[in-house]
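Just below is one structure, and these are the notes that go with it.
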Amino acid sequence: GESVGLHLPTLSVQEGDNSIINCAYSNSASDYFIWYKQESGKGPQFIIDIRSNMDKRQGQRVTVLLNKTVKHLSLQIAATQPGDSAVYFCAELISGGGADGLTFGKGTHLIIQP
Amino acid sequence: EPEVTQTPSHQVTQMGQEVILRCVPISNHLYFYWYRQILGQKVEFLVSFYNNEISEKSEIFDDQFSVERPDGSNFTLKIRSTKLEDSAMYFCASSEDRGNEKLFFGSGTQLSVL
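Protein chains in written order, with our numbering: chain A, -13 to 100; chain B, 713 to 826.
Here it is as structure tokens:
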């Protein structure tokens, strides 16, 4: 079946640097994408979302880019801080009736080096 | 900031026993979900609940599972006869309404079946 996947399981960056976490999706019918952050011992926390009619969306220190041509999603975190250390999941959905069956990727562990 | 709360944070049970995992969704939310995460694996959708009935359920959500909203604030997941493979972190989530895909997750209940 089609699924969401992540390119790298672990990403280590220096504090203050920018980080980019990548995600590939294969379900061309997916039209809504979300990035979640999961800190140790906590539930997934919504970071930012994007719909398929957009290719870029910015939040506070985060930017999500969507390339529908190659079915690729990325999360950019600017000026990383120790608190950014977490596992980051992308998730996809065919929208229209709620978040039933949101499909998560496996996660990338972002490590911020001091 | 309003949050989804889950109790207990950890639950240890013997195989074959019944467990009830409890959740208090955000008060003005109408759409509720259970997801689970087996250690080291993806977050997986179990069930969604709207207007006092199950809206969608995954293949994982078999006859051993049930959900209930016993009062105006609680949302529970019951596993009737636990199996070893039910050991996982169980996350409750809620969203404002059907059609709003932005989910808010609780911190999870770690279920260990011995």
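Just so you know, even glycine gets a beta-carbon here, dropped at the ideal spot from N, CA and C. Please read these numbers as outputs of a predicted model, since none were measured by experiment.
Which residue marks the beginning of the beta strand (DSSP E) containing residue i, and which one marks its end?
i, result
"residue 755/B", "755 to 762"
"residue 791/B", "787 to 791"
"residue 723/B", "722 to 725"
"residue 94/A", "94 to 99"
"residue 749/B", "743 to 749"
"residue 24/A", "18 to 24"
"residue 47/A", "Looking at the DSSP string, residue 47/A is not in any beta strand (DSSP E), and its letter there is neither H nor E."
"residue 794/B", "From DSSP, residue 794/B is part of no beta strand (DSSP E); its letter is neither H nor E."
"residue 101/A", "Outside the displayed range of chain A (-13 to 100) lies residue 101/A, so it cannot be described from this structure."
"residue 719/B", "717 to 719"
"residue 31/A", "31 to 37"
"residue 732/B", "731 to 736"
"residue 739/B", "First-last for residue 739/B: undefined, no H or E at that position."
Let me know if residue i comes out buried or exposed under the rule of 16 or more other beta-carbons within 10 Å of its beta-carbon.
i, result
"residue 798/B", "buried"
"residue 719/B", "exposed"
"residue 795/B", "exposed"
"residue 5/A", "buried"
"residue -7/A", "Summary for residue -7/A: the model assigns pLDDT 45, below 50, so the residue's position carries little reliability; its value from the coordinates is reported in the next sentence. Under this definition residue -7/A is an exposed residue."
"residue 30/A", "buried"
"residue 91/A", "buried"
"residue 55/A", "exposed"
"residue 0/A", "exposed"
"residue 20/A", "buried"
"residue -4/A", "exposed"
"residue 825/B", "buried"
"residue 793/B", "exposed"
"residue 98/A", "buried"
Going by C-alpha distance, which of the options is nearest residue i?
i, options, result
"residue 9/A", "51/A, 70/A, 15/A and 45/A", "51/A"
"residue 703/B", "777/B, 737/B and 760/B", "Nothing in the structure corresponds to residue 703/B, since chain B is present only between 713 and 826."
"residue 26/A", "801/B, 807/B and 825/B", "801/B"
"residue 717/B", "826/B, 819/B and 824/B", "819/B"
"residue 43/A", "-5/A, 92/A and 18/A", "18/A"
"residue 791/B", "743/B, 779/B and 722/B", "779/B"
"residue 814/B", "95/A, 91/A, 96/A and 77/A", "77/A"
"residue 93/A", "715/B, 740/B, 742/B and 750/B", "750/B"
"residue 754/B", "100/A, 96/A and 88/A", "88/A"
"residue 756/B", "767/B, 785/B and 803/B", "803/B"
"residue 829/B", "783/B, 752/B, 773/B and 747/B", "This structure gives no information on residue 829/B, because the portion of chain B shown stretches from 713 to 826."
"residue 96/A", "80/A, 73/A and 79/A", "73/A"
"residue 817/B", "747/B, 768/B and 776/B", "747/B"
"residue 53/A", "63/A, 45/A, 62/A and 41/A", "41/A"
Using DSSP bridges, identify the partner residues of residue i.
i, result
"residue 814/B", "Its beta-bridge partners do not exist; DSSP assigns none."
"residue 806/B", "744/B and 816/B"
"residue -3/A", "96/A"
"residue 769/B", "759/B"
"residue 801/B", "749/B and 822/B"
"residue 52/A", "59/A"
"residue 66/A", "None, per the DSSP bridge assignment."
"residue 713/B", "None, per the DSSP bridge assignment."
Using a C-beta to C-beta distance shorter than 9 Å, which residues of chain D count as neighbours of residue i?
i, result
"residue 32/A", "The chain labelled as chain D is not found among the protein chains of the depicted structure, namely A and B."
Contact check, residue i vs residue j under 8 Å by CB: the rounded distance?
i, j, result
"residue 733/B", "residue 809/B", "Not quite, the Cβ-Cβ distance comes to about 24 Å (not below 8 Å), so this is no contact."
"residue 48/A", "residue 36/A", "Residue 48/A to residue 36/A, Cβ: 11 Å. No contact."
"residue 11/A", "residue 75/A", "Their Cβ separation, rounded to whole angstroms, is 12 Å, which puts residue 11/A and residue 75/A out of contact at 8 Å."
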